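Q: Quick one: this structure, given as structure tokens, is what I'll be asking you about.
Residue numbers (the numbering used here), protein chains in the order written: chain A, 1 to 191; chain B, 1 to 177.
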């Protein structure tokens with residue numbers, strides 16, 4: 001609550017939606033908000049329509065880019081909530097893309113020595129989304145590959161990805177989106 | 001793919017599932033992207049160390065992709081470093097060594113050394129590659145004369161990085177005296 005100004009407060013008061021605050025990542029009110037509410041409630045109680053691109057999923061993805069928000073998001077159960085949202089809305093490409101983006105951003109800043117809470121289920125859901133013809137698009141492919149790339153910093157996740165037949169899925173995605181440089185970079189770039 | 005290829009067990013699967021050709025196609029398609037070229041060379045370096053992948057690496061002509069990337073991005077240190085590293089592991093494959101004796105490989109490596117003379121890693125991996133090329137009699141013939149032609153430049157690089165033990169170790173394979 002330290003670094004917000006009157007403009008932020010007005011934004012907060014005037015807006016009934018979370019996204020207005022989240023669009024300005026400097027607003028620390030969001031952090032206090034994260035502590036007050038449970039992400040699980042937000043993600044699961046709200047109908048899929050509210051979770052669409054411009055709403056909560058987008059907000060969480062935007063927040064997860066910034067290192068200052070990553071710890072609170074993880075602490076508040078953001079990873080588990082994101083994985084649950086993926087599970088509950090398996091055929092919704094927008095939710096899958098946003099969720100993969102969130103997981104990617106969070107995984108990017110977790111060191112290889114710290115535990116990653118995706119679990120086998122998280123990897124499975126990402127792979128399923130990447131394979132689902134209804135969800136298949138370059139954005140999801142890039143985000144999904146990003147999740148797998150950062151997860152593969154961890155030895156156990158390299159093993160899980162291989163065991164869940166992730167390698168052929170990754171290669172297929174690479175071939176399918178050959179012209180998309182973002183997808184290709186997520187495949188070959190080091191962490 | 002780069003991170004997955006850290007595990008040797010995954011390298012065989014990546015090769016078997018067409019990962020090498022996917023990487024090469026990606027490098028060819030995005031040849032102007034220096035980041036992708038250096039990362040691609042990094043993955044090829046990992047994959048070409050596994051004997052199971054030797055046949056595929058030769059068949060798909062991974063050497064051409066690496067040389068192509070290095071030629072296009074002469075001034076990008078990361079591409080030259082990873083390129084030399086990939087070449088050093090390709091040079092350990094008998095069939096690949098024959099390809100590396102042809103064409104402009106030697107010139108590309110020398111250019112990398114000249115453009116990035118202050119970068120110890122570029123020099124180290126270039127020396128590693130040259131040393132590997134001298135391990136078989138066929139490639140030795142070709143490379144020995146090429147090395148003789150550039151001896152003064154190579155010795156200068158050796159002197160410039162006299163504090164780098166790994167680099168000196170590779171240099172000793174080229175200049176035993």
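Note that CB positions come from ideal geometry on N, CA and C, so glycine has one too. Only a predicted model underlies this, so the values are computations on that prediction, with no experimental measurement involved.
Would you kindly report the start and end of the unbroken alpha helix (DSSP H) that includes residue 155 of chain B?
A: As a working note, residue 155 of chain B is residue 155 in the second chain. That run of the alpha helix (DSSP H) goes 151 to 160.
Q: Closest to residue 130 of chain B by C-alpha separation, out of B:118, B:168, B:2, B:164, would be which residue?
A: Counting from one through the second chain, the residue named residue 130 of chain B turns up at place 130. The option with the nearest alpha carbon to residue 130 of chain B is B:168.
Q: Using only CA atoms, which one of A:136, A:178, A:156, A:80 lies nearest to residue 97 of chain A?
A: Numbered from 1 along the first chain, position 97 holds the residue referred to as residue 97 of chain A. Looking at the Cα atoms, A:136 is the closest of the given residues.
Q: Determine the direct distance from the alpha carbon of residue 149 of chain B to that of residue 150 of chain A, and round the result to whole angstroms.
A: Counting from 1 along the first chain, the entry for residue 150 of chain A is found at position 150. Counting from 1 along the second chain, the entry for residue 149 of chain B is found at position 149. Their Cα atoms are separated by approximately 45 Å.
Q: Give me the residue from B:124, B:30, B:2 with the minimum Cα distance to residue 39 of chain B.
A: Along the second chain, read from residue 1 onward, the residue named residue 39 of chain B stands at position 39. Among B:124, B:30, B:2, the Cα nearest to that of residue 39 of chain B belongs to B:2.
Q: What three-state label does DSSP hand residue 71 of chain A in the structure shown?
A: Here residue 71 of chain A corresponds to residue number 71 of the first chain, with the count starting at 1. In this structure, residue 71 of chain A counts as helix in the three-state DSSP scheme.
Q: Measuring alpha carbon to alpha carbon, tell me which residue in A:70, A:80, A:123 is nearest residue 158 of chain A.
A: Indexing the first chain from 1 puts residue 158 of chain A at position 158. Considering only alpha carbons, the answer is A:123.
Q: Output needed for residue 45 of chain B: all residues of its chain with C-beta closer than 6 Å, excluding positions within five of it in sequence on either side, in chain order.
A: On the second chain, residue 45 of chain B is found 45 positions in, with the first residue counted as 1. Result list for residue 45 of chain B: 85, 86, 89, in chain order.
Q: Among B:99, B:94, B:56, B:112, which has the Cα closest to the Cα of residue 216 of chain B?
A: In the structure as shown, chain B starts at 1 and stops at 177, and residue 216 of chain B therefore has no counterpart that could be examined.
Q: Which bits of chain B does residue 152 of chain A rub up against, with CB to CB less than 7 Å?
A: Taking the first residue of the first chain as position 1, residue 152 of chain A is located at position 152. Simply 3, 4.
Q: So, does the CB of residue 158 of chain A fall closer than 7 Å to a CB anywhere in chain B?
A: As a working note, residue 158 of chain A is residue 158 in the first chain. Chain B contact via Cβ: present.
Q: Under 8 Å, with one C-beta from each stretch per pair, do the segment 47 to 54 of chain B and the segment 66 to 80 of chain B reach the 3-pair mark?
A: Not touching, per the Cβ criterion.
Q: Going by the C-beta, is residue 32 of chain B closer than 6 Å to any heavy atom of the ligand PLP?
A: In the structure shown, the ligand PLP is absent, as is every other ligand, since no ligand is present at all.
Q: Decide yes or no for the touch test of the segment 120 to 134 of chain B against the segment 60 to 73 of chain B: beta carbon pairs closer than 8 Å, at least 3 of them.
A: No, the segment 120 to 134 of chain B is not in contact with the segment 60 to 73 of chain B.
Q: I'd like to know whether the C-beta atoms of residue 142 of chain B and residue 101 of chain B end up nearer to each other than 7 Å.
A: To locate residue 142 of chain B, count along the second chain from 1; it is residue 142. To locate residue 101 of chain B, count along the second chain from 1; it is residue 101. For residue 142 of chain B and residue 101 of chain B, yes; Cβs fall inside 7 Å.
Q: Enumerate in chain order the residues of its own chain whose CB-to-CB distance from residue 53 of chain B is below 6 Å, with the five nearest sequence positions on each side excluded.
A: On the second chain, position 53 is the one that residue 53 of chain B refers to. Once the five neighbours on either side are set aside, the close Cβ partners of residue 53 of chain B are 15, 47.
Q: What residues from chain A crowd round residue 29 of chain B, counting only those whose CB sits closer than 8 Å?
A: Numbered from 1 along the second chain, position 29 holds the residue referred to as residue 29 of chain B. What residue 29 of chain B touches in chain A: 178, 179, 184.
Q: Identify whether residue 115 of chain A lies in helix, strand or coil by the three-state DSSP scheme.
A: Mapped onto the first chain, residue 115 of chain A falls at position 115. Of the three classes helix, strand and coil, the one that applies to residue 115 of chain A here is coil, per DSSP.
Q: Does chain B have any CB closer than 7 Å to the CB of residue 188 of chain A?
A: Taking the first chain and counting its residues from 1, the one referred to as residue 188 of chain A is at position 188. With 7 Å as the cut-off, residue 188 of chain A counts as an interface residue toward chain B.
Q: By the 10 Å Cβ neighbour count, where 16 or more other Cβ atoms means buried, how is residue 53 of chain A classified, buried or exposed?
A: As a working note, residue 53 of chain A is residue 53 in the first chain. At residue 53 of chain A, the pLDDT of 41 sits below 50, so the modelled position is not reliable; the number obtained from the coordinates is stated separately. Exposed is the call here.
Q: Compute the Euclidean distance between the alpha carbons of residue 135 of chain B and residue 56 of chain B, then round it to the nearest angstrom.
A: Within the second chain, numbered from 1, the residue matching residue 135 of chain B stands at position 135. Within the second chain, numbered from 1, the residue matching residue 56 of chain B stands at position 56. Going from the Cα of residue 135 of chain B to the Cα of residue 56 of chain B covers about 22 Å.
Q: Is any beta-carbon of chain A found at less than 7 Å from that of residue 65 of chain B?
A: Indexing the second chain from 1 puts residue 65 of chain B at position 65. So, not an interface residue.
Q: Along the chain, where does the alpha helix (DSSP H) that runs through residue 186 of chain A open and close?
A: Within the first chain, residue 186 of chain A is the residue found at index 186, counting from 1. Unbroken alpha helix (DSSP H) run through residue 186 of chain A: 181 to 188.
Q: Taking DSSP as the reference, what is the three-state secondary structure of residue 120 of chain A?
A: One-based indexing of the first chain puts residue 120 of chain A at position 120. Three-state result, residue 120 of chain A: helix.
Q: With 7 Å as the threshold, decide whether the Cβ of residue 175 of chain A is near any Cβ in chain B.
A: On the first chain, position 175 is the one that residue 175 of chain A refers to. Output row for residue 175 of chain A: interface = yes.
Q: Let me know the alpha helix (DSSP H) ranges lying completely inside the segment 79 to 143 of chain B, each 4 residues or longer, listed in chain order.
A: As far as the segment 79 to 143 of chain B is concerned, its whole alpha helix (DSSP H) runs of at least 4 residues are 94 to 101, 105 to 115, 120 to 133.
Q: Are the C-beta of residue 14 of chain B and some C-beta of chain A separated by less than 7 Å?
A: By 1-based counting over the second chain, the position of residue 14 of chain B is 14. It does; some Cβ of chain A falls within 7 Å.
Q: For residue 19 of chain B, count neighbouring C-beta atoms within 10 Å of its own C-beta (all shown protein chains included) and say buried if the count is 16 or more, exposed if not.
A: Reading the second chain from its first residue, position 19 is the one you call residue 19 of chain B. Its Cβ being crowded by 16 or more others within 10 Å, residue 19 of chain B is buried.
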